[in-house]
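K.L.:
Each residue of the sequence shown is one higher than the one before, starting from 16 at the first, in this note's numbering. Beta carbons are placed, not taken as given, at the ideal position from N, Cα and C, and that holds for glycine. Being a predicted model, the structure only gives us computed values, none of them experimental.
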Amino acid sequence: MPDRNRVVLIGKESVGKSALAAGLTGTAPTDENVGGSTVSSEVYRDDDLEVVDTPGITLEVDTETTREALSALEVTDEVVLVVPATDIDRDLADLLPLVQGRTGAVVVTYWDKVEETSHAHEALAALEADLGVPVVPVDARTLTPVAADGGTPTSGGGSAAPADPSAGGQSLPVDARAVRDAIGESGEFPGGTATRVGWEIEPPETILERPYAGPLVSALVLHAPAIVAVWFANAVAGELDPLVGAALEPAVSWAAGLPGPLAAVLGGDYGLLAMGPFLFVWALPTMLVFAAFMGAYKASGLVTRVTTALHPLMRRVGLTGRDLVRVVMGFGCNVPAVTSTRSCSDCTRCTTISAISFGAACSYQFPATLAVFAAVGMPWLVGPYIAVLVASTLVYVRLIAPPEARTATLAVDRRTFLEWPRPRAVWREARGSLESFLTTALPVFAGICVVGALLEYVGALERLGGVLEPTMAVFSLPAEAALPVVLASIRKDGIALLTADSAGIDALSPLEVLVAVYLAGVLLPCLVTAITVAREVSWRFVVQMLARQALAAIGFALGLAWVGSALF
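1. With distance defined between alpha-carbon atoms, name the residue in 246, 301, 91, 494 nearest to residue 119.
2. Taking only three categories from DSSP, how would you classify residue 72?
3. Is residue 295 buried or exposed, if buried means 16 or more other CB atoms sit within 10 Å of its CB?
4. Apart from the five residues on each side of it in sequence, which residues of its chain come closer than 7 Å, Cβ to Cβ, to residue 180?
5. By a C-beta neighbour count over all protein chains shown, 10 Å radius and 16 as the cutoff for buried, is residue 147 buried or exposed?
6. Considering only the beta carbon of each residue, do residue 156 and residue 278 sit closer than 8 Å?
7. Tell me which residue opens and which closes the alpha helix (DSSP H) that residue 130 is part of.
8. Between residue 487 and the rest of its own chain, which residues show a CB-CB distance below 7 Å, the 5 nearest in sequence each way excluded?
9. What whole-angstrom Cβ distance do residue 530 and residue 575 have, given they're in contact under 8 Å?
10. Would you mind sorting residue 353 into buried or exposed? The rule is 16 or more other CB atoms within 10 Å of its CB.
11. Expressed to the nearest angstrom, what Euclidean distance is found between the alpha-carbon atoms of residue 106 and residue 26?
12. Quick one: grab the DSSP three-state call for residue 120.
13. Given 8 Å as the limit, is there contact between the stretch 334-351 and the stretch 247-264, that is, 3 or more CB pairs closer than that?
14. With a threshold of 8 Å, are at least 3 pairs of Cβ atoms found where one atom belongs to the stretch 504-511 and the other to the stretch 383-400?
15. Please name the residue, chosen from 135, 317, 254, that lies closest to residue 220 on a Cα-to-Cα basis.
16. Locate the beta strand (DSSP E) running through residue 152, then write down its first and last residues.
17. Might you give, ordered along the chain, the residues of its own chain that have their beta carbon closer than 8 Å to the beta carbon of residue 416, omitting 5 neighbours on each side?
18. Would you call the stretch 293-313 and the stretch 447-461 touching, i.e. three or more CB-CB distances under 8 Å?
19. Roughly how many angstroms lie between the CA atoms of residue 177 and residue 280, to the nearest whole one?
20. Taking Cβ positions, are residue 556 and residue 128 nearer each other than 8 Å?
21. My guess is that residue 284 and residue 78 are in contact by the Cβ rule of under 8 Å, so how many angstroms apart are they, rounded?
22. Got a sec, what are the start and stop residues for the beta strand (DSSP E) residue 93 sits in?
23. Helix, strand or coil for residue 207 per DSSP?
24. By the three-class DSSP mapping on this structure, what secondary structure does residue 431 have?
25. Which of the three DSSP states, helix, strand or coil, is assigned to residue 415?
26. Kindly indicate which residue of 350, 337, 435, 330 has the alpha-carbon position closest to the one of residue 420.
27. Give me the DSSP bridge partner(s) of residue 64.
28. Below 7 Å CB to CB, which residues in the same chain sit around residue 126 once its five sequence neighbours on both sides are set aside?
29. In the structure shown, what three-state DSSP assignment does residue 221 receive?
30. Which of the three DSSP states, helix, strand or coil, is assigned to residue 216?
31. Within 10 angstroms of its Cβ, does residue 323 collect 16 or more other Cβ (buried), or is it exposed?
Take a look at the structure:
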């Protein structure tokens, strides 16, 4: 394998670093630890170039991702400084001191937002002369491919560049070739520049920037994935579930004839075959819905607009608008949502993780909840359920948030441009959630299936449910509801056990069904979430979070049961 030239991309958030890295190499990224950091950066490689795509730097607040980017910077001398054409002067003033003394080039993204005039190119030429490093303008989102036999013209009217022999014959974008040439001619960065391009381009305002309509529309935008997931569950998954279950029935029957423990692991009520339909018909599609939506939101620039609009309201309860987006991500899968809190401020990160653990009904919990409501003929309960879940989560966060969290800044220093998301960009954003689901959530889920099936086989779960049965009366619930509550604390799809005939849920009132589902859903996070949080923070924090969440869940459930019975 030939030695690769290694460069590190440095820039603020939403400046197009990921698109540039993908365009430079034409490859998919891999997650790797960089510079001794425990947090991974995305690394793109081709035959002769290795591009480290670091997280966006936020200078206004301390975040794990900013420390990661600076850690990657400490162990490299070759840097590509990525700044947007819409705000060159400010970004250079902020970032040049960080890269002073290192060699590299400046890539100016969003060049399509600048009117093509001789003045604009003269300003960049003057800036390049002052900095002493190459300055290359590109539109990283629409790099034009060049054929290996000589190329085609760029969409912007530029001439095609010849094929790069160092690329091994593969197609390279014209702008990517210019960036590669700039890297090869890199100079040493100064600590600042006296030259200014003299322009700052602001995107137009939308309804999201209005003081009252903006937060309302933003809240609806964030809830759109949940609305689509509800539609999907009722219209599609509900029809597919019995078909998939029937197709697996022969395998389940075969597994039942195996020796005891093996039969439990494969064909028992909580075995791998028995849970297969739920996993691939309900959980995985729900996660994909959220991943696609969040990918589109990020690729279009909408997520930053929504973050900014909701920040003034969320700060009152101890979260930023950025933190709320992470909580909503948890409705798809808690694992990538918890991991994404690395970009949260240090003073709000643990609060955000607690909010995900408490109120983000993941792709296992949400479909199981819908299945229970549908089984008792009360699908309309999903509305009250979400309302109670959101309200109690906000109160819970307000109670546990440290005082400094309510004064946290948003760390968004400019308004993003909005555009229709391109499929390639959506996939690039969504693939991280999908990989996290497949490589982290699913293996742990399978392990929990095995452990849960064995515990059921030896009768441990039933005995534990029996111990908790007397407590169900406090919530005006039947004793049989104890076991689903216990199982939901291990795996959120345990909520679906409420639909079993032995649970006695058919005889419950709508309020009692709501209390049962709510308590099972929020009493404790599932083991997958707990393990992920322990990896991201510590086991000590997990123990504290579990105790605090259990107390809050019991209090809210009791309040819901008692106040509801008094009113209705």
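P.N.:
If we stick to the structure as given:
1. 91
2. strand
3. exposed
4. Caution applies to residue 180, whose pLDDT of 35 falls short of 50 and renders its modelled position unreliable; the value that the coordinates give is listed next. Result list for residue 180: empty, nothing under 7 Å.
5. exposed
6. No; because the gap between Cβ atoms is not below 8 Å, this pair is not in contact.
7. Careful: residue 130 lies outside any alpha helix (DSSP H) and carries neither H nor E.
8. 493, 494, 496, 497
9. 6 Å
10. buried
11. 8 Å
12. strand
13. no
14. yes
15. Ranking the options by Cα distance to residue 220, first place goes to 317.
16. Looking at the DSSP string, the run of the beta strand (DSSP E) that includes residue 152 is 150-152.
17. 332, 333, 334, 363, 366
18. yes
19. Caution is warranted here: a pLDDT of 36 is assigned to residue 177, below 50, making its placement in the model unreliable, and no coordinate value can be reported.
20. no
21. So it is not a contact: roughly 44 Å between Cβ atoms.
22. Its beta strand (DSSP E) spans residues 93-99.
23. If DSSP states are grouped into helix, strand and coil, residue 207 belongs with coil.
24. coil
25. DSSP, read as helix, strand or coil, puts residue 415 in helix.
26. 330
27. 20
28. 100, 152, 153, 154
29. Coil at residue 221, not helix or strand.
30. coil
31. buried
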